[in-house]
Amino acid sequence: MSGTQFGKGCHLHLIDGSAFIFRAYHALPPLTRKSDGLPIGAVAGFCNMLFKQVEDNKGPDAPTHVAVIFDYSGKSFRNEMYDLYKANRPPAPEDLVPQFPLTREATRAFNIACKEIEGFEADDIIATLACQAREAGGRVTIISSDKDLMQLVGGGVEMLDAMKNKRIDSDGVVEKFGVGPDRVVDVQALAGDSVDNVPGAPGIGIKTAALLINEFGSLEELLDRAEEIKQPKRRQTLIEKREQIELSKKLVQLDCNMTLDFTLDDLEVKEPDAETLLTFLSEMEFRTLSKRMADQLGMEAPAIPEAPAAAAASSAAPEAVPFDKENYECVRDAAGLQTWVDRIRQRGWVAVDTETTGLDEMVVDLVGISLCVEAGEACYIPLAHKAGGDDLFGGEGLSEGQMPLEEAVAMLKPVLEDPAILKIGQNMKYDAKILHRYGVEVAPVDDTMLMSYALHAGLHGHGMDTLSERYLDHTPIPIKPLLGSGKSAITFDKVAIDDAVPYAAEDADITLRLWQLFKPQLHQERVTTVYETLERPLVPVLADMERNGIKVDRDTLSRMSNAFAQKMAALEAEIHELAGESFNVGSPKQLGEILFDKMALPGGKKGKTGAYATGADILEDLATEHDLPARVLDWRQLSKLKSTYTDALQDHINPETGRVHTSYAQTGASTGRMASTDPNLQNIPVRTEEGRRIREAFVAEEGNVLLSLDYSQIELRILAHMAGIDTLKQAFADGQDIHAMTASEMFEVPLEEMTPEIRRQAKAINFGVIYGISGFGLARNLRIPRKDAQGFIDRYFERFPGIRKYMDSTVEFAKEHGYVQTLFGRKIHTAEINAKGPKAGFAKRAAINAPIQGTAADVIRRAMIRMPEAIAHLPARMLLQVHDELLFEVPEAAVEETIAAARQVMENAADPAVHLDVKLVVDAGRGRNWAEAH
DNA sequence: GACATCACG
DNA sequence: GACGTACGTGATGTCC
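Just so we're aligned, residue 410 is where the first sequence starts under my numbering, counting upward by one.
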């Protein structure tokens, strides 16, 4: 066949690749590649179509030439004619984006010509090729159902809807458009197209358009003789919108005369190269297709590890298999471990759990590893259990019957790092960090804790015990009896191996069962995208940040501690003097008795415990008249700073790194926010001058600076977007002072005459709105009469009715569905929304706040996930996240570049999943320490 | 271990 | 008509 020139007797298949991808994407369930979760549903559908094409190549009506044509991403020449062309088309779904290049790869793997040209749409290339083929006397089949291509039908050109397997010839076009192919563009020009944003003639659809074109013969004739039309409205439209209609025709008219850098002859059908194709298919892990293709090519199908989704579905329901300690194996040597390695390889996945000497992953040692490949069947590999304390030779000796730790790790490493084997864990960040210290980079991973978070946020916690009890109806073996408690508590390495096996193996067993249960639920609950884009990819990012830590200067803290202690002592003496007796200032109970009984100051008891409330707000009220409460407030501030920060922080400095390594709880907050623990670095003081100085102890390494980038007013911006408040959006677009603007709108004060006091009140209202405002809450915050506060709120809602609408509809949604959602699809369950009594108020406000706080949390998560790649070329390290702030450490020379790169990522973090009507703005600061940088 | 208090966004 | 409220967190010290 080679060398034949395209001409009579030739048959060209033109496949509309882009259209096909979208149809495959929407028609098929969201399949993911088992080994790493890569979305591949559309690729799978696409490959099946190509497979069919290959079969067709041998069929009775076989093509001699074939090509798959793609849209070039980006704008086409039509955007130059009409900038709104396809403007209302939403961006491609995020899990489809990575599949675009894969479909090109697939096409080439099938050895089919793969064409796209910058600045042109696939339709134009198809049109040009179809015209060329027709002129050469050949036949053409366009494999697409896109009506825009129907203008090409006729003269040997037909279309084929591959999904419905339906051919469309001239008659088919007449059926669809009421006119022949040669007049399709005329009808389209009149009818317009909302999908492509082609304006057309308002009020005229396909039916009317066809009627008119058939009556007048052509669009040009119709427009010239528009005066003759009887219906007044129609006549007026055609006359007034003539220009718009003519533009529409240009938009829908395909270009048959493109200059191509290839010829029809280049599209000759070729046999696929068996090895290339099978390699690709097995890389995609397309089991069935690999087999069918291999059969057709007369080859052996490549081995692909079994798919978890299919296999999980086929195995017994995880909750149906009883828990049985007897089935848990203790692996004591290499031979025993090898059988598990083999089982894992055969299975393609494994649940993993590590046992360690403590909870701090930066410090603790590995004690053992448990594995599970099938519900009910698990093992524990003890590696560093120590002999009993009464051992004559000291407690340091390892217990008998353990294989060497290095040997076990060496055997497991290839499995744990194999991209084709999925590692399943409960809070895998912990295990991955431990294993990292033993030279193992665990990947890919699934995490049942994160799955539960995507599914059940707001309903309950996501710890293993909770999940096991709720979803497996099984109470796990408690750790307490093994470790003891209090002073006599031991670490896991001191637990007897026989006791450790059932406990440890069960954890892996539970994890596997939870995974089998949750995995399909992600799809059913429509949170796969949340899990795959906001949860799973964040794990390694957080692990890196935690490992990085931040340098904290012990001397600075220590000096401050001493200073605080001195001041506190002085204050304490003064307080005792004022009280006329000595008492524990740190005891709210004793303080309350002094203030309200002995001194008889005005104030009240509080609820449950019967003790007086002595919170800062109450003391502040008293402080205007009395010295004692004022001193107590000072004392308390210092006490807080000293105990929580200057003292406790020193204990968290890692002796090896000299840095403080926090731990982020990814599932800590129901809204999608992270929580920071051990220590909490998200609540380091900043609001008072004295407290802010603690940040001076957070420093950069020599030659480096700390860089702080934070979102400006992100929650208010998100509220403006979600509630659709034009005034607010405009103010943000103009870079205005949003609180001053609010104040001006509300109190009708011109911006030039704004006073700090009025602005302060507006600011409180703006924040109140985010929290689900109430007259009471605002009154307390502003210390104004409740009536006045309610007046402010009423005026606010009058001025911004959209806000009230947002609040009402959010609560409505919560009541109906039992959850609310962020813009990115994260669900936050609102269990008590339909409760009665005071609980209802709480639930309502939480429901109003959650989508706003949660969307902001999603945005910064997306930025964090993209950050490593964006700063990979720079010597910068991301250290901390504080809800709307990211802190970096970077050599001075790379500061500007890092700010630019990080800001770019942060400001565009919502795209392309969500297009915000309000731009996100990121402020940056730098300094030798965190106080300077912030 | 519950409660009160206070640090942050 | 009264209830009793700002949203989301974590750490510390007191007291039982």
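We treat Cβ as the ideally placed atom computed from N, Cα and C, and that holds for glycine.
Note that the structure is a prediction, hence the values are computed from the model and not measured.
Please report how far the alpha carbon of residue i lies from the alpha carbon of residue j, in whole angstroms.
{"i": "A635", "j": "L676", "result": "46 Å"}
{"i": "R1208", "j": "E1154", "result": "7 Å"}
{"i": "L698", "j": "Q811", "result": "45 Å"}
{"i": "F375", "j": "L1137", "result": "Here the chain covers residues 410 to 1343 and nothing more, so residue 375 does not appear."}
{"i": "L505", "j": "E944", "result": "18 Å"}
{"i": "V1327", "j": "P1088", "result": "35 Å"}
{"i": "Y789", "j": "R696", "result": "32 Å"}
{"i": "G707", "j": "L690", "result": "15 Å"}
{"i": "K976", "j": "T1023", "result": "21 Å"}
{"i": "R1126", "j": "F1141", "result": "7 Å"}
{"i": "R966", "j": "A972", "result": "Before going on, a small fix: residue 966 reads as Leu here, not Arg. Straight-line Cα distance between these residues: approximately 10 Å."}
{"i": "R1275", "j": "A1285", "result": "14 Å"}
{"i": "R956", "j": "T1053", "result": "22 Å"}
{"i": "L980", "j": "I1193", "result": "31 Å"}
{"i": "K642", "j": "M667", "result": "39 Å"}
{"i": "D907", "j": "E735", "result": "12 Å"}
{"i": "E525", "j": "P828", "result": "32 Å"}
{"i": "Q653", "j": "N623", "result": "21 Å"}
{"i": "R1335", "j": "S1117", "result": "6 Å"}
{"i": "H420", "j": "G547", "result": "6 Å"}
If distances are taken between C-alpha atoms only, which option among the options comes closest to residue i?
{"i": "N836", "options": "I1123, D953, T857", "result": "T857"}
{"i": "L931", "options": "E981, D855, H794, E878", "result": "D855"}
{"i": "T1097", "options": "K1049, T900, D1060, A1057", "result": "K1049"}
{"i": "V950", "options": "K832, T1066, A841, G1200", "result": "A841"}
{"i": "E1099", "options": "I1062, M1150, Q1046", "result": "Q1046"}
{"i": "N488", "options": "V994, L892, L656, L631", "result": "L656"}
{"i": "H1282", "options": "R1204, Q747, A1303, L647", "result": "A1303"}
{"i": "A952", "options": "A1309, E850, E983, G995", "result": "E850"}
{"i": "D674", "options": "N457, M771, H422, G468", "result": "H422"}
{"i": "T1086", "options": "H985, K1236, G958, Y434", "result": "G958"}
{"i": "N1175", "options": "E1162, R1195, E1161, Y1205", "result": "Y1205"}
{"i": "L511", "options": "W1339, C456, A712, I577", "result": "C456"}
{"i": "L1393", "options": "V661, D580, Q640", "result": "The requested residue 1393 is not part of the displayed model; the chain covers only 410 to 1343."}
Would you mind sorting residue i into buried or exposed? The rule is 16 or more other CB atoms within 10 Å of its CB.
{"i": "N574", "result": "exposed"}
{"i": "I899", "result": "exposed"}
{"i": "P1260", "result": "buried"}
{"i": "G416", "result": "exposed"}
{"i": "D465", "result": "buried"}
{"i": "M490", "result": "exposed"}
{"i": "S897", "result": "exposed"}
{"i": "I648", "result": "exposed"}
Using DSSP with H/G/I as helix, E/B as strand and the rest coil, what is residue i?
{"i": "Q1230", "result": "strand"}
{"i": "S1072", "result": "strand"}
{"i": "T550", "result": "strand"}
{"i": "N1175", "result": "helix"}
{"i": "P608", "result": "coil"}
{"i": "A1333", "result": "strand"}
{"i": "F732", "result": "coil"}
{"i": "V566", "result": "strand"}
{"i": "K524", "result": "strand"}
{"i": "T688", "result": "helix"}
{"i": "Y737", "result": "coil"}
{"i": "T668", "result": "coil"}
{"i": "R576", "result": "strand"}
{"i": "P717", "result": "Below a pLDDT of 50, predicted positions are generally treated as unreliable, and P717, at 47, falls in that range; the measurement from the model is reported next regardless. Reduced to three states, the DSSP call for P717 is helix."}
{"i": "N1338", "result": "strand"}
{"i": "Y789", "result": "strand"}
{"i": "A1318", "result": "coil"}
Examine the ligand ADP and report whether any of its heavy atoms sits within less than 7 Å of the Cβ of residue i.
{"i": "E636", "result": "This structure simply doesn't include the ligand ADP, nor any ligand for that matter."}
Per DSSP, which residues does residue i bridge with? Please list them.
{"i": "F1107", "result": "V961"}
{"i": "L892", "result": "L892 is not bridged to any residue."}
{"i": "V761", "result": "L780"}
{"i": "F1297", "result": "L1116, M1287"}
{"i": "I1237", "result": "V1229"}
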